[in-house]
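Undergrad: Quick note: to get my numbering, add 345 to the position in the sequence shown (first position is 1).
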Amino acid sequence: MKIKAAVTDSSNAYIYPKLLNEFLLEPDYYSGEKGTYLYYGYMFSPQYKAMLYGKEVDKFDKYLNSKRYAKAIEAGEKLLMENPINLGLLIRMSHCYKETGDPKAEKTQKLVGILMRAVRDNGNRPYKVISVSDEYIMMSAEGLTGVARGAKDSSEASDKIPRTEAQGISAMLDSWEVKDNRTNETKIVHFEVLYNNSSFKIP
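#1: Exposed or buried, which one is PRO391 when buried takes at least 16 other CB atoms within 10 Å?
#2: How far does the beta strand (DSSP E) with ASN541 in it reach, from first residue to last?
#3: Quick test of your reading: TYR393 and VAL352, contact by CB under 8 Å. State the CB separation rounded to the nearest angstrom.
#4: Grouping DSSP H, G and I as helix and E and B as strand, with all else coil, what is MET396?
#5: Since VAL457 and SER439 should fall inside the 8 Å C-beta cutoff, what is the C-beta to C-beta distance between them, to a whole number of angstroms?
#6: Am I right that GLY491 and VAL523 are in contact with their C-beta atoms under 8 Å? What's the rounded C-beta distance?
#7: For the structure I just gave you, are there three or more beta carbon pairs, one from the region 529-542 and one from the region 468-475, closer than 8 Å?
#8: What did DSSP end up calling ASP525 once you bin it into helix, strand or coil?
#9: Shortest alpha-carbon distance to ASN529 belongs to which of GLY488, ILE514, ALA493?
#10: According to DSSP, is LYS455 part of a helix, a strand, or is it coil?
Right, here's the structure in full:
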């Protein structure tokens, strides 16, 4: 079944609010397939934002950069209420929790793992992500350092989008020359940054 149809159908087991609730409450039992529907299905959810921005984001970044972790957690948890599957935010919140000895660090790392697995499970030729920031996160997770970047549009690239509908979805194809930090070799990797045309907003 198409992801959009599943996550927006109230009679479907993968209706988005249910997927999200299970993700937040029971990450230990979350399947890889559910992770795929959650990560890519976010584009069709009412909470969808292609970018994380605003005063609360600025406040969170300020507290994090100054190592005021308790304050950063307070600001970050407000942001997570708006966008609980933002990969970059979850990674930074995990760091804050760890620095303050908060047991939420372990659970947050599990949430990060589910989302990263969703990207990995859907291939690496190209990697398919839902934000530009997730490109950098996946490169770091795969032990890759960007050397040079070049991008081109591939709007409505339905043959490349993993189990999603092309209608309303566009993609920016990003090509990177990277260095593999494990082998010291250089290679080319590609990312397809997917976004929902009907809900895309520029801050």
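Every residue, glycine too, gets a C-beta built ideally from N, C-alpha and C. A quick note: this is a predicted structure, and the numbers were derived from the prediction, not measured.
TA: Considering the structure as presented:
#1: With fewer than 16 Cβ atoms within 10 Å of its Cβ, PRO391 is classed as exposed.
#2: Its beta strand (DSSP E) spans residues 531-541.
#3: Their Cβ separation, rounded to whole angstroms, is 11 Å, which puts TYR393 and VAL352 out of contact at 8 Å.
#4: Three-state DSSP puts MET396 in coil, outside helix and strand.
#5: Contact between VAL457 and SER439 holds: CB atoms are separated by about 6 Å, below the 8 Å threshold.
#6: A Cβ-Cβ distance of about 6 Å is found for the pair GLY491 and VAL523, placing them in contact under the 8 Å criterion.
#7: Output reads yes: the region 468-475 touches the region 529-542.
#8: In this structure, ASP525 counts as strand in the three-state DSSP scheme.
#9: Taking ASN529 as reference, the option from GLY488, ILE514, ALA493 with the minimal CA-CA separation is GLY488.
#10: Helix at LYS455.
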